[in-house]
Amino acid sequence: MARKFSKTGLAVTVAFAATVATGTAVGVAGAADAGGDAGSGRSATAHARQAGTHWVNTWTSMPQLTEPNNMPPAPFTQDGKVLDDTTLRQTVHVSVGGKQVRLRFSNAFGGAALPLTSVSVALPAGGRAGASAIRPATFRTVTFSGSASTVVPVGSQAVSDPLDFDVAPGTNLTVTVYLAHGQASNSVTSHPGSRTTSYLLAGDHVRDEDLTGAASAAHWYFLSGVEVWSPDTTAAAVVVGDSLTDGRGSTTDANNRWPDQLLDRLRSRPDTASTAILNQAAGGNRVLNDGLGPNALSRVDRDVLAQSGVEWALVFEGVNDIGTAEATEAAQQRTADDLIAAYDQIIVRAHTRGIRVYGATLTPFGGNDPYDDPAGYREQARQKVNAWIRTSGRFDSVVDFDKAARDPQNPRRLLPAYSDADHLHLNPAGYAALAAAVPARLFHQEPLPRGFGFN
36 MARKFSKTGL AVTVAFAATV ATGTAVGVAG AADAGGDAGS GRSATAHARQ
86 AGTHWVNTWT SMPQLTEPNN MPPAPFTQDG KVLDDTTLRQ TVHVSVGGKQ
136 VRLRFSNAFG GAALPLTSVS VALPAGGRAG ASAIRPATFR TVTFSGSAST
186 VVPVGSQAVS DPLDFDVAPG TNLTVTVYLA HGQASNSVTS HPGSRTTSYL
236 LAGDHVRDED LTGAASAAHW YFLSGVEVWS PDTTAAAVVV GDSLTDGRGS
286 TTDANNRWPD QLLDRLRSRP DTASTAILNQ AAGGNRVLND GLGPNALSRV
336 DRDVLAQSGV EWALVFEGVN DIGTAEATEA AQQRTADDLI AAYDQIIVRA
386 HTRGIRVYGA TLTPFGGNDP YDDPAGYREQ ARQKVNAWIR TSGRFDSVVD
436 FDKAARDPQN PRRLLPAYSD ADHLHLNPAG YAALAAAVPA RLFHQEPLPR
486 GFGFN
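The sequence shown begins at 36 in our numbering and counts up by one.
Written out as structure tokens, the structure reads:
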């Protein structure tokens, strides 16, 4: 079935005039024929500036302040400086494809300016996530306003120039960065819950086929987004969540979190194959108060509204608010009421930008220490929140993750076959069940109804 396009959401049409230079664009295949680096992103040509195309985020990671135990491993963290004279190689799993890409680097939580000396993209050896080697013929230099280097100010981000690079949907991409002088702070922006192996090696090895002898860490640093120039029939869905969406309990380098498995399912269907799934979750995150990462209410503008090509948002968060609030009847009633009000605020703000918002019910945590209190006040709060999600009519649609994951014989608990050891997180089979519970019809592009956004 053909997908209908509506000019809604955050689809961004970009004027390329400032970034197009002379010369003939060369794709990845051209780079291989030319024997290596085919030049900078400033060579992106007018064939990209066709009607009916826009930038869409194909991958994101939620920026957050790096905790001490998630800093780069020794010797890459020093007193007051990180990654001095260091090459950092990271792989990311893209959702939709395109023939032009650009990267976003975040210094949202950095304590000093972030100087990026050189950046490149390539396809990983064997197409594998977490690979330390690249396919040399696909190596391309990334530029920023025509320069091979850039400095990202404190609290800001840098967006690269468009780069001719053909990336296929549902594949892995390697981004390599060299920092000649490191970042002069121990406050660093990262995404610790990458579930993907990254590599660090002293010296400038951006062009190396493999980073032999490199140290490894299962974290992403600085890189916060990859965008592709795609037809207007391509659109993105953002998932706002916590560790259950960030993938605790999933397999490192396997990309089997529930958003990954949902992406696989959507890609198998012609009517949803052009849907990007953007994972904007972090372990320990809360809706109402800062925890690991800023609270969801405060990060909606950055993580949802400012992303490219977004038409849908799915909110699956709140269990950490319930689990960390005092286990008394009054405290849990207040937490449930505050969560409901927060969800309503997220809906209002997203609707203003033409984004449909879907609510996911909170999954069980019976048997979890410390969330499952003996008196059951937290369970009562979960049930109250879930009842509102299901029946209020405020969300544009509801995804019942509670029903998909709970044990029918003991609804306060996860189904044993789906549960990780802590009775809060899920294993890959459990994440598959969540992915299967999301109706594909939610990602059909359709005109917004009259009056949408008035609330």
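We treat Cβ as the ideally placed atom computed from N, Cα and C, and that holds for glycine. All figures in this text were calculated on a predicted structure; none of them were measured in a lab.
| request: Report yes if the C-beta distance between Glu244 and Ala168 is below 8 angstroms; otherwise report no. | output: In the sequence shown, counting from the first residue as 1, residue 244 sits at position 209. In the sequence shown, counting from the first residue as 1, residue 168 sits at position 133. A contact, by the Cβ cut-off of 8 angstroms.
| query | Does the Cβ of His460 have 16 or more other Cβ atoms within 10 Å, making it buried, or fewer, making it exposed? | reply | For the purposes of this step, residue 460 is taken as the residue at position 425 of the sequence shown. His460 comes out buried.
| Cβ contact (3+ pairs, closer than 8 angstroms) linking the segment 135 to 155 and the segment 182 to 200 | Enough Cβ pairs lie closer than 8 angstroms, so yes.
| In terms of alpha-carbon separation, which member of Glu414, Asp442, Val127 lies closest to Ile357? | Position 322 of the sequence shown, counted from the start, is the residue given in the question as residue 357. Nearest of Glu414, Asp442, Val127 to Ile357, Cα basis: Glu414.
| said: For Ser309, count the other beta carbons within 10 Å of its own beta carbon; 16 or more makes it buried, fewer makes it exposed. Which is it? | reply: Locating residue 309 in the sequence shown gives position 274, counting from the first residue. Classification for Ser309: buried.
| request: Measure the alpha-carbon distance for Ser259 versus Ser96 and round it to whole angstroms. | output: Residue numbering aside, residue 259 sits at position 224 when the sequence shown is read from its first letter. Residue numbering aside, residue 96 sits at position 61 when the sequence shown is read from its first letter. For Ser259 and Ser96, the distance between alpha carbons rounds to 5 angstroms.
| query | On the premise that Arg230 lies in contact with Ala253, defined as a C-beta separation below 8 angstroms, what is that separation, rounded to the nearest angstrom? | reply | Residue numbering aside, residue 253 sits at position 218 when the sequence shown is read from its first letter. Residue numbering aside, residue 230 sits at position 195 when the sequence shown is read from its first letter. Distance from Ala253 to Arg230 at the Cβ level is roughly 7 angstroms; contact confirmed, criterion being Cβ atoms closer than 8 angstroms.
| request: Pick out whichever of Thr359, Asp325, Ala470, Val241 has its Cα sitting closest to the Cα of Thr121. | output: Stepping through the sequence shown from its first residue, residue 121 is reached at position 86. Ranking the options by Cα distance to Thr121, first place goes to Val241.
| request: Would you list, in sequence order, the uninterrupted alpha helix (DSSP H) runs of no fewer than 4 residues that lie entirely inside the segment 318 to 392? | output: 331 to 335, 354 to 359, 364 to 387
| message | Just to confirm the assignment, what range does the alpha helix (DSSP H) spanning Ala456 have? | response | Here the question's residue 456 lines up with position 421 in the sequence shown. Judged by DSSP secondary structure, Ala456 falls outside any alpha helix (DSSP H); it is assigned neither H nor E.
| request: Consider the C-beta atom of Val434 and the heavy atoms of the ligand GDP; say whether any pair is separated by less than 7 angstroms. | output: The ligand GDP is not among the ligands present in this structure, which contains no ligands whatsoever.
| field | Option nearest Pro150 by Cα separation, candidates Asn207, Val263, Tyr213, Ala439 | value | Taking the sequence shown and counting its residues from 1, the one referred to as residue 150 is at position 115. The option with the nearest alpha carbon to Pro150 is Tyr213.
| request: Would you mind reading off the limits of the beta strand (DSSP E) that contains Ala276? | output: Residue numbering aside, residue 276 sits at position 241 when the sequence shown is read from its first letter. Residue identity differs from the one stated: residue 276 is Gly in this sequence, not Ala. Run containing Gly276: 270 to 276, per the beta strand (DSSP E) assignment.
| task | Can you grab the Cα-Cα spacing for the pair Gly411 / Pro204, in whole Å? | result | On the sequence shown, position 376 is the one that residue 411 refers to. On the sequence shown, position 169 is the one that residue 204 refers to. Each residue's Cα considered, the two are about 45 angstroms apart.
| Does the segment 104 to 121 come within contact of the segment 351 to 370, defined as at least 3 CB pairs closer than 8 angstroms? | no
| task | Give, in chain order, every unbroken run of the alpha helix (DSSP H) that is at least 4 residues long and sits entirely within the segment 201 to 282. | result | 278 to 281
| field | Counted within 10 angstroms of its Cβ, other Cβ atoms place Pro409 as buried (16 or more) or exposed | value | As a position in the sequence shown, residue 409 is number 374, starting the count at 1. With fewer than 16 Cβ atoms within 10 Å of its Cβ, Pro409 is classed as exposed.
| What does Thr176 pair with, by DSSP beta-bridge criteria? | Here the question's residue 176 lines up with position 141 in the sequence shown. Per DSSP, Ser155.
| message | Measuring straight from C-alpha to C-alpha, what distance separates Thr232 and Thr185? | response | What you label residue 232 is simply residue 197 of the sequence shown in a count that begins at 1. What you label residue 185 is simply residue 150 of the sequence shown in a count that begins at 1. Rounded to the nearest whole angstrom, the C-alpha separation of Thr232 and Thr185 is 25 angstroms.
| task | Indicate whether the contact test is met: 3 or more Cβ pairs, each with one atom in the segment 311 to 321 and one in the segment 335 to 344, closer than 8 angstroms. | result | yes
| query | Is Leu297 helix, strand or coil when you go by DSSP? | reply | For the purposes of this step, residue 297 is identified with residue 262 of the sequence shown, where counting begins at 1. Reduced to three states, the DSSP call for Leu297 is helix.
| field | Cα-Cα separation between Leu483 and Val275, rounded to whole angstroms | value | Translated into positions along the sequence shown, residue 483 becomes position 448. Translated into positions along the sequence shown, residue 275 becomes position 240. About 22 angstroms.
| task | Taking only the alpha-carbon atoms, compute the straight-line gap between Phe98 and Gln342 and give it to the nearest angstrom. | result | For the purposes of this step, residue 98 is identified with residue 63 of the sequence shown, where counting begins at 1. For the purposes of this step, residue 342 is identified with residue 307 of the sequence shown, where counting begins at 1. Looking at the sequence shown, residue 98 is not Phe but Pro. Cα to Cα, Pro98 sits roughly 13 angstroms from Gln342.
| said: Give me, in chain order, the residues of the same chain whose beta-carbon lies closer than 6 angstroms to that of Pro394; leave out the 5 immediate sequence neighbours on both sides. | reply: What you label residue 394 is simply residue 359 of the sequence shown in a count that begins at 1. Reading off the sequence shown, one finds Gly at residue 394, where the question assumed Pro. Correct list, in chain order: Val350, Ile424, Phe430, Val433.
| request: Would you check if there are 3 or more beta carbon pairs closer than 8 angstroms linking the segment 283 to 298 to the segment 465 to 473? | output: yes
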